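A.B. asks: Protein chains in written order, with this note's numbering: chain S, 240 to 731; chain E, 380 to 477. Mind having a look at this structure? Questions to follow.
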């Protein structure tokens with residue numbers, strides 16, 4: 240088990256028994272965040288004043304009739320592309336460096352109502368575009384397992400804060416794997432829900448047919464607890480579906496993995512997959528067999544096209560979504576412009592970094608007159624085939640198991656000169672976003688160099704409960720006990 | 380079709396991005412190699428395949444997305460203008476259009 244002192248369950252129990260207080264837990268998280276941030280650069284803003292005020296409010300006796308709250312006093316970190324009223328929302332970009340949204344995202348409203356305490360806003364790749372966190376305008380985040388290495392991206396700051404035990408849980412967002420990939424590189428749990436499961440009101444849009452708010456936790460149970468709070472229909476987001484949200488935590492202790500059918504797409508275990516990652520993931524498959532699961536072969540014949548499809552659809556949608564950053568209503572505006580059109584161009588030139596420009600350019604190209612059918616429409620058609628592959632495979636099994644990333648954490652700078660090589664680190668994750676299905680990344684081992692390795696389970700639409708149950712069964716049988724060298728110590 | 384520096388120039392204009400000569404030189408081979416990579420999709424015959432657009436689940440498509448036509452509190456003018464680079468008399472002011 241991960242150090243139980245850092246889980247929601249243990250925090251809640253200790254608060255309830257009077258062994259610690261909400262204020263003490265909050266202070267410890269803030270202290271750890273401040274202390275480790277010089278090294279990790281995981282937070283872009285630490286909200287000591289707001290968090291302590293909230294902790295003191297939560298410590299006041301509850302008025303009669305208040306509903307029990309699931310996350311009372313739980314410190315949480317929030318990716319800087321999710322709006323929290325009064326705090327910054329830079330999205331890791333110069334263009335929003337000084338932007339402070341006037342409203343809370345729905346997920347923030349729900350977390351606050353459940354008693355969570357927001358510690359701060361976390362660093363990320365600019366507008367969530369990246370797989371290493373090196374595209375942040377405010378410097379890269381470092382991996383607590385090895386500070387010469389990337390934490391993954393784009394939600395690298397949130398992943399690093401959980402891995403370093405600053406907070407038990409954090410919010411990120413996924414467009415092509417931006418939570419599962421950094422979770423895997425940082426040795427923690429990351430869950431991407433079904434498209435439409437969680438409201439995106441207040442999440443800054445990147446690829447609207449792909450984006451989902453997603454959750455990091457040290458344990459499956461903690462990730463499930465947070466998803467249970469934030470999930471469900473929201474009138475402010477027309478893409479949220481009217482589907483009941485199960486009590487995820489209650490389902491964890493049911494039948495485990497016995498009798499479950501786990502599909503393994505062997506074709507994805509070939510080229511480009513690191514040997515140590517392959518071995519570790521194979522061992523996880525054997526662990527499921529030992530737990531009484533039936534392992535079946537599944538085929539995903541179009542999965543190899545997923546990166547190509549993803550980078551057409553995601554960039555096309557990004558080029559449209561990022562058109563709003565023009566210096567008119569909020570965010571940066573250039574000081575040197577004589578006409579409106581010049582103001583747009585200069586503002587965007589000064590405000591956007593290289594990767595964001597590259598993706599806007601690519602997205603504009605694939606949508607431009609004469610190329611739309613050849614690229615965008617073609618990608619949408621292949622997306623249909625990829626989705627069908629997954630739905631067909633998931634008709635034969637309860638979950639599909641693959642590696643989460645082809646390699647453990649890579650070095651800072653290792654892939655920055657080759658955008659395509661960087662994109663390929665999303666090869667296992669972006670399929671779930673294309674198919675709209677949920678996925679959970681689970682740590683399963685360490686490389687010979689001491690870096691975390693993980694596998695992921697992909698499930699049917701709305702099937703998060705099954706993924707939590709299967710992931711929890713593995714976690715209980717094969718606890719990931721390793722801890723990174725860089726870790727918060729104040730609560731130990 | 381190979382992507383040239385003049386294509387990049389044209390795309391930048393469409394995207395309202397100002398790019399330097401240096402950026403144009405760097406972006407041309409990068410965009411060209413990504414486009415060459417995505418052209419592997421042409422291996423597939425998709426003439427009979429419907430494109431996937433929004434929705435993604437039957438449950439999502441069935442969900443009634445509209446809300447009742449009743450008044451809601453909105454952000455208000457002061458908060459809406461609070462982050463504007465150049466607000467003036469309740470408006471967003473911009474440089475001249477032409």
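Think of the CB as a built atom: it goes at the ideal place given N, C-alpha and C, for glycine as much as any other residue. Being a predicted model, the structure only gives us computed values, none of them experimental.
Nearest CA to the CA of residue 598(S): which residue from 694(S), 384(S), 561(S) and 652(S)?
C.D. replies: As a working note, residue 598(S) is residue 359 in the first chain. Selected option, being the one with the closest Cα: 561(S).
A.B. asks: Is there a Cβ from chain S that is less than 7 Å from the Cβ of residue 411(E)?
C.D. replies: On the second chain, position 32 is the one that residue 411(E) refers to. Not an interface residue.
A.B. asks: I believe residue 454(S) touches residue 462(S) by the beta-carbon criterion, under 8 Å. Please report the beta-carbon distance rounded to the nearest angstrom.
C.D. replies: Translated into positions along the first chain, residue 454(S) becomes position 215. Translated into positions along the first chain, residue 462(S) becomes position 223. Right, the Cβ-Cβ distance comes to about 5 Å (below 8 Å), so this counts as a contact.
A.B. asks: In three-state terms, what does DSSP make of residue 385(S)?
C.D. replies: By one-based count along the first chain, residue 385(S) stands at place 146. Residue 385(S): strand per DSSP, three-state reduction.
A.B. asks: What is the DSSP secondary structure of residue 512(S), reduced to helix, strand or coil?
C.D. replies: As a working mapping, residue 512(S) is identified with position 273 in the first chain. Note: residue 512(S) maps to coil in three-state DSSP.
A.B. asks: Please identify, using Cβ separations under 8 Å, the residues of the stretch 464-490 of chain S that lie next to chain E, in order along the chain.
C.D. replies: 472, 474, 477, 478, 479, 480, 481 and 482
A.B. asks: If we ignore side chains and look at the alpha-carbon of each, how far apart do residue 329(S) and residue 437(S) end up?
C.D. replies: For the purposes of this step, residue 329(S) is taken as the residue at position 90 of the first chain. For the purposes of this step, residue 437(S) is taken as the residue at position 198 of the first chain. Rounded to the nearest angstrom, the two C-alpha atoms are 22 Å apart.
A.B. asks: What's the C-alpha gap between residue 557(S) and residue 351(S)?
C.D. replies: Here residue 557(S) refers to the residue found at position 318 when the first chain is read from its first residue. Here residue 351(S) refers to the residue found at position 112 when the first chain is read from its first residue. Their Cα atoms are separated by approximately 30 Å.
A.B. asks: Classify residue 654(S) as helix, strand or coil using the three-state DSSP reduction.
C.D. replies: Taking the first chain and counting its residues from 1, the one referred to as residue 654(S) is at position 415. The DSSP-derived three-state label of residue 654(S) is coil.
A.B. asks: Is residue 546(S) helix, strand or coil when you go by DSSP?
C.D. replies: Position 307 of the first chain, counted from the first residue, corresponds to residue 546(S). In this structure, residue 546(S) counts as helix in the three-state DSSP scheme.
A.B. asks: On a Cα-Cα basis, can you pick out the residue from 725(S), 728(S), 427(S) and 365(S) that is closest to residue 714(S)?
C.D. replies: Translated into positions along the first chain, residue 714(S) becomes position 475. For residue 714(S), the nearest C-alpha among the options comes from 427(S).
A.B. asks: With burial defined as no fewer than 16 other Cβ atoms inside 10 Å of the residue's Cβ, what is the status of residue 728(S): buried or exposed?
C.D. replies: Along the first chain, one-based indexing puts residue 728(S) at 489. It counts as exposed.
A.B. asks: Please determine, among 483(S), 464(S) and 638(S), the residue with the shortest C-alpha to C-alpha distance to residue 353(S).
C.D. replies: Reading the first chain from its first residue, position 114 is the one you call residue 353(S). Comparing Cα-Cα distances from residue 353(S) to each of 483(S), 464(S) and 638(S), the minimum goes to 464(S).
A.B. asks: Counting only Cβ pairs nearer than 9 Å, list the residues of chain E close to residue 701(S).
C.D. replies: Working through the first chain from its first residue, we reach residue 701(S) at position 462. In chain order: 436 and 438.
A.B. asks: Taking 7 Å as the CB-CB cut-off, is residue 728(S) touching chain E?
C.D. replies: In the first chain, the residue the question calls residue 728(S) occupies position 489. Chain E, which has no Cβ nearer than 7 Å to the Cβ of residue 728(S), makes this no.
A.B. asks: Between which two residues does the beta strand (DSSP E) carrying residue 361(S) extend?
C.D. replies: Position 122 of the first chain, counting from 1, holds the residue named residue 361(S). Note, residue 361(S): beta strand (DSSP E), 356-361.
A.B. asks: Scan the stretch 558-582 of chain S for residues whose Cβ lies nearer than 8 Å to a Cβ of chain E and list them as they occur along the chain.
C.D. replies: 558, 562, 565, 566, 567, 568, 569, 570, 571, 572, 576, 577, 578, 579, 580, 581 and 582
A.B. asks: Quick one: does residue 469(E) have its CB under 7 Å from some CB of chain S?
C.D. replies: Residue 469(E) sits at position 90 when you count from the first residue of the second chain. Judged by the 7 Å Cβ criterion, residue 469(E) is not in contact with chain S.
A.B. asks: Counting only beta-carbon separations shorter than 7 Å, does residue 620(S) have a partner in chain E?
C.D. replies: Counted from its first residue, the first chain places residue 620(S) at position 381. Taking Cβ atoms only, chain E reaches closer than 7 Å to residue 620(S), which makes this a yes.
A.B. asks: Among 294(S), 648(S), 672(S) and 687(S), which residue has its Cα nearest to the Cα of residue 373(S)?
C.D. replies: Within the first chain, the letter at position 134 stands for residue 373(S). Of all alpha-carbon atoms in 294(S), 648(S), 672(S) and 687(S), the one lying nearest the alpha-carbon of residue 373(S) is that of 648(S).
A.B. asks: Got a sec? Which residues, its chain only, sit under 8 Å from residue 241(S) by beta carbon, not counting five neighbours each side?
C.D. replies: In the first chain, residue 241(S) corresponds to position 2, counting from 1. Because residue 241(S) sits at a pLDDT of 39, beneath the cut-off of 50, its placement in the model cannot be relied upon, and the point is left open.
A.B. asks: Examine chain E for any beta-carbon lying closer than 7 Å to the beta-carbon of residue 692(S), and answer yes or no.
C.D. replies: Locating residue 692(S) in the first chain gives position 453, counting from the first residue. No - not a single Cβ of chain E is within 7 Å of the one on residue 692(S).
A.B. asks: Is the shortest distance between the beta-carbon of residue 676(S) and the beta-carbons of chain E less than 7 Å?
C.D. replies: Indexing the first chain from 1 puts residue 676(S) at position 437. Chain E, which has no Cβ nearer than 7 Å to the Cβ of residue 676(S), makes this no.
A.B. asks: Is there a C-beta anywhere in chain E that falls below 7 Å from the one on residue 376(S)?
C.D. replies: Taking the first chain and counting its residues from 1, the one referred to as residue 376(S) is at position 137. Answer no: the Cβ-Cβ gap between residue 376(S) and chain E never drops below 7 Å.
A.B. asks: Quick one: is residue 467(E) buried, meaning 16 or more other Cβ sit within 10 Å of its Cβ, or exposed?
C.D. replies: The count along the second chain starts at 1 and reaches residue 467(E) at position 88. Residue 467(E) is exposed by the Cβ-count criterion.
A.B. asks: Going by DSSP in three states, residue 731(S) sits in which element: helix, strand or coil?
C.D. replies: Translated into the one-based positions of the first chain, residue 731(S) becomes position 492. With a pLDDT of 41 at residue 731(S), under the threshold of 50, the modelled position of that residue is not reliable, and no figure is offered here.
A.B. asks: May I have the straight-line CA-CA distance separating residue 396(S) from residue 362(S), to the nearest angstrom?
C.D. replies: Numbered from its first residue, the first chain carries residue 396(S) at position 157. Numbered from its first residue, the first chain carries residue 362(S) at position 123. C-alpha separation (whole angstroms): 5 Å.
A.B. asks: Please check the pair residue 431(S) and residue 678(S), which I expect to be a contact at CB under 8 Å, by giving their CB distance rounded to whole angstroms.
C.D. replies: Your numbering for residue 431(S) matches position 192 in the first chain. Your numbering for residue 678(S) matches position 439 in the first chain. About 5 Å separates the beta carbons of residue 431(S) and residue 678(S), which is inside the 8 Å limit, making them a contact pair.
A.B. asks: Do you know how far the Cα of residue 312(S) is from the Cα of residue 625(S)?
C.D. replies: Here the question's residue 625(S) lines up with position 386 in the first chain. Here the question's residue 312(S) lines up with position 73 in the first chain. For residue 625(S) and residue 312(S), the distance between alpha carbons rounds to 42 Å.
A.B. asks: Using a beta-carbon distance below 7 Å, is residue 462(E) in contact with chain S?
C.D. replies: Against the second chain, residue 462(E) aligns to sequence position 83. It does: the Cβ of residue 462(E) has a partner Cβ on chain S nearer than 7 Å.
A.B. asks: Helix, strand or coil, according to DSSP, for residue 408(E) in the structure here?
C.D. replies: For this step, residue 408(E) is matched to residue 29 along the second chain. If DSSP states are grouped into helix, strand and coil, residue 408(E) belongs with the helices.
A.B. asks: Mind pulling the chain E residues with CB within less than 7 Å of residue 658(S)?
C.D. replies: Along the first chain, read from residue 1 onward, the residue named residue 658(S) stands at position 419. The contacting residues are 409 and 413.
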